[in-house]
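All the letters of the sequence shown, read from the start, carry residue numbers 158 to 298 under our numbering. Note that the Cβ used here is the ideal one computed from N, Cα and C, for glycine as well. Down below is the structure, laid out as structure tokens.
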Amino acid sequence: MSNDSDDLTLPKEDKFKLQNILIIDDSAILRKILGELILSKHSANILEAKHGRDALATVSALNGKINLIFCDLKMPVMDGEAFMRNLIANEKFKTIPVICLTVDGNKNTVMSCIKYGAKDYILKPYDKSDVLIKVEKYLKT
Numbered sequence: 158m159s160n161d162s163d164d165l166t167l168p169k170e171d172k173f174k175l176q177n178i179l180i181i182d183d184s185a186i187l188r189k190i191l192g193e194l195i196l197s198k199h200s201a202n203i204l205e206a207k208h209g210r211d212a213l214a215t216v217s218a219l220n221g222k223i224n225l226i227f228c229d230l231k232m233p234v235m236d237g238e239a240f241m242r243n244l245i246a247n248e249k250f251k252t253i254p255v256i257c258l259t260v261d262g263n264k265n266t267v268m269s270c271i272k273y274g275a276k277d278y279i280l281k282p283y284d285k286s287d288v289l290i291k292v293e294k295y296l297k298t
């Protein structure tokens with residue numbers, strides 16, 4: 158990839174350019190893929206965390222100024238369910254929309270996501286159109 162700024166083409170008007178999106182996944186590769194997928198359409202600020210504890214630190218450091226969170230369920234240190242429980246326990250953070258990332262699309266897993274505060278879920282591997290539709294659905298303009 159070249160450092161030439163002419164290679165970058167951003168939408169003429171991007172309503173999400175001031176939005177913060179946090180991606181929580183223990184896989185650096187999957188965080189990168191999801192971040193690049195979002196950035197292919199929007200110039201939002203992409204933040205990353207490798208597990209729930211790092212993510213809570215990021216949310217706290219930004220005083221809750223996160224507009225959307227993508228959260229894997231199965232991670233070391235603090236998994237997605239524990240992260241969501243901690244997030245919704247804080248009055249300042251509980252309104253941040255969370256989308257669960259999972260390889261398991263069975264009904265119990267989906268219900269667990271909702272029970273712990275997620276607004277939606279996305280199955281891995283990511284479907285580009287599904288991700289972009291959900292970004293647009295949950296980000297405030």
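Sequence-distant partners of Lys276 (beyond 5 residues in either direction) whose C-beta falls short of 7 Å from its own C-beta, in its chain, are Pro254, Val255, Ile256 and Tyr295.
Burial check for Thr252: the Cβ neighbour count within 10 Å stays below 16, so the residue is exposed. If you look at Ala206, you'll find it in the beta strand (DSSP E) that goes Asn202 to Ala206.
Residue pairing by DSSP puts Cys257 in a beta bridge opposite Cys228 and Tyr278. In the three-state DSSP reduction, Asn177 falls in the strand class (E or B). Straight-line spacing of the CA atoms in Val216 and His208 works out to 12 Å.
In the DSSP assignment, Asn263 falls outside any alpha helix (DSSP H), carrying neither H nor E. If you check the CB distance, Ala212 and Ile178 do not come in under 7 Å.
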